[in-house]
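*Asks:* Got a structure for you, written out below as structure tokens; questions coming shortly.
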Amino acid sequence: MAPTLPHNQDFTDELLACKLVEKHYYLNHVPLSFLKQRGAPYTDTSFYEKMPRFVYDARTVPKTIFDRIALFMMALFALILETIAAIPGMAAGMLRHFRSIRKMEIDAACETFLEEAENERAHLLVWLQLVQPTIFERFIVFLSQAVFAPFYTLFYLISPKVAHRFVGYLEEEATYEYTAFLHAIDDGTIPNVDAPKLAKMYWNLSPEAKLRDVVLCIRGDEIMHRDVNHDFSTACEHGRFI
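Numbering that gives the first Met the number 0 applies: residue 0 is where the sequence shown begins, and numbers increase by one.
Right under this line is the structure:
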């Protein structure tokens, strides 16, 4: 039995994932990660029709020791990223849960942020099937959580608006990094190995799914987390603590 609930979002379509990025780009603000890649917004709607589909790499195993090192380093980076990314959702969900009880009113957003934390934990468990951190790296994770968890919780108590905006920007950077991960797979730097079993179960992927499919799904999740947090921050700006 999988340790997490099945995740039904389908982001294996590259065109869909990019449209979600563009939706946020036009409707909210200019994401920091996009500023690194291009200039002013464009309005050419034919962009979507012209965008080429990615061709999936047929390789299933690392060919050289350098392939293995590259895969290990990128997977380790993603693993550590997810250990931190799971904190904001849990903190927000917990504080909103307490607020709901204290005010004796419904707060539908509790489940939204607890699901976000669960989703980030699922990302971590998937990466653990590809790389095992050393004792030192586990200590770094423990230390970073010990510092970041109380910091963000206090941050959220003081200003939910700023806290959600901070997470929105954090997720923009995660999206940017996973896009770099995809490029590394496409150019052969990272071997396109078979997808971990847990990933196939969690995202309902096909038995033939590869690492690239997994990265697309994770990036899609990060896109949704980014938009949700930016939307909540904007709502707070307008005086609505939704």
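Backbone N, C-alpha and C fix where the C-beta goes; we use that ideal spot for every residue, glycine too. Here the structure is a predicted model, which is why all the values come from computation and not from measurement.
Starting from alanine 107, trace the alpha helix (DSSP H) both ways and give me its first and last residue.
*Replies:* Counting along the chain, alanine 107 falls outside any alpha helix (DSSP H), and DSSP gives it neither H nor E.
*Asks:* What number of angstroms, rounded off, separates the C-alpha of proline 40 from the C-alpha of threonine 133?
*Replies:* Because the pLDDT of proline 40 is 33, which lies under 50, any placement of that residue in the model is unreliable, and the question is left without a value.
*Asks:* On the DSSP letters alone, give me the boundaries of the alpha helix (DSSP H) that leucine 181 sits inside.
*Replies:* It spans 159-185 - the alpha helix (DSSP H) in which leucine 181 sits, taken as one unbroken run.
*Asks:* For proline 149, count neighbouring C-beta atoms within 10 Å of its own C-beta (all shown protein chains included) and say buried if the count is 16 or more, exposed if not.
*Replies:* Counting Cβ neighbours within 10 Å, proline 149 comes out exposed, since fewer than 16 surround it.
*Asks:* When DSSP labels each residue in this structure, what does phenylalanine 53 get in the three-state scheme?
*Replies:* Low per-residue confidence applies at phenylalanine 53: pLDDT is 30, beneath 50, and the placement is therefore not dependable, though the value from the model is reported in the following sentence. If DSSP states are grouped into helix, strand and coil, phenylalanine 53 belongs with coil.
*Asks:* Assuming the contact rule is C-beta atoms closer than 8 angstroms, tryptophan 126 and glutamate 81 should be a hit. Round their C-beta distance to whole Å, please.
*Replies:* Tryptophan 126 to glutamate 81, Cβ: 6 angstroms. Contact.
*Asks:* Measure the C-alpha to C-alpha separation of alanine 173 and serine 158 and round it to an integer number of angstroms.
*Replies:* Cα-Cα distance, rounded: 23 angstroms.
*Asks:* Determine the direct distance from the alpha carbon of leucine 181 to that of valine 214, and round the result to whole angstroms.
*Replies:* So the alpha carbons of these two residues sit roughly 7 angstroms apart.
*Asks:* Does the Cβ-Cβ distance between alanine 90 and tyrosine 151 come in under 8 angstroms?
*Replies:* Yes, Cβ-Cβ distance for alanine 90 and tyrosine 151 is below 8 angstroms.
*Asks:* What does the alpha-carbon distance come out to for the pair alanine 251 and arginine 218?
*Replies:* The chain is shown only over 0 to 241; residue 251 falls outside these bounds and no answer can be derived.
*Asks:* Extract the residue ranges of the alpha helix (DSSP H) inside the stretch 81-159, only unbroken runs of 4 or more that lie entirely within it.
*Replies:* Segments of the alpha helix (DSSP H) lying fully in the stretch 81-159: 108-127 and 134-157.
*Asks:* Going by the CB atoms, is the gap between arginine 225 and glutamate 171 shorter than 8 angstroms?
*Replies:* Yes, Cβ-Cβ distance for glutamate 171 and arginine 225 is below 8 angstroms.
*Asks:* What are the boundary residues of the alpha helix (DSSP H) that threonine 233 is part of?
*Replies:* From DSSP, the alpha helix (DSSP H) with threonine 233 extends over 210-236.
*Asks:* Beta carbon of leucine 204, beta carbon of aspartate 212: below 8 angstroms?
*Replies:* Taking 8 angstroms as the Cβ cut-off, leucine 204 and aspartate 212 qualify as a contacting pair.
*Asks:* Among Ile86, Phe141 and Met93, which one has its Cα closest to the Cα of glutamate 119?
*Replies:* Comparing Cα positions, the closest option is Ile86.
*Asks:* Hey, how far is the Cα of arginine 98 from the Cα of leucine 197?
*Replies:* Taking the straight line joining both Cα atoms gives about 35 angstroms.
*Asks:* Out of Ala116, Ala107 and Lys102, point me to the one whose CA is closest to isoleucine 83's CA.
*Replies:* Checking every option, the nearest Cα to that of isoleucine 83 belongs to Ala116.
*Asks:* Between which two residues does the alpha helix (DSSP H) containing leucine 197 stretch?
*Replies:* It spans 196-201 - the alpha helix (DSSP H) in which leucine 197 sits, taken as one unbroken run.
*Asks:* If you measure between the beta carbons of asparagine 228 and histidine 122, is that distance less than 8 angstroms?
*Replies:* Result no, Cβ atoms of asparagine 228 and histidine 122 do not sit closer than 8 angstroms.
*Asks:* Flag histidine 122 as yes when its Cβ comes closer than 7 angstroms to any non-hydrogen atom of the ligand ADP, and as no otherwise.
*Replies:* The ligand ADP is absent from the structure shown, which contains no ligand whatsoever.
*Asks:* Are the Cβ atoms of leucine 210 and leucine 156 separated by less than 8 angstroms?
*Replies:* Not closer than 8 angstroms, so no.
*Asks:* Am I right that glutamine 128 and proline 195 are in contact with their C-beta atoms under 8 angstroms? What's the rounded C-beta distance?
*Replies:* That pair is a contact at about 4 angstroms.
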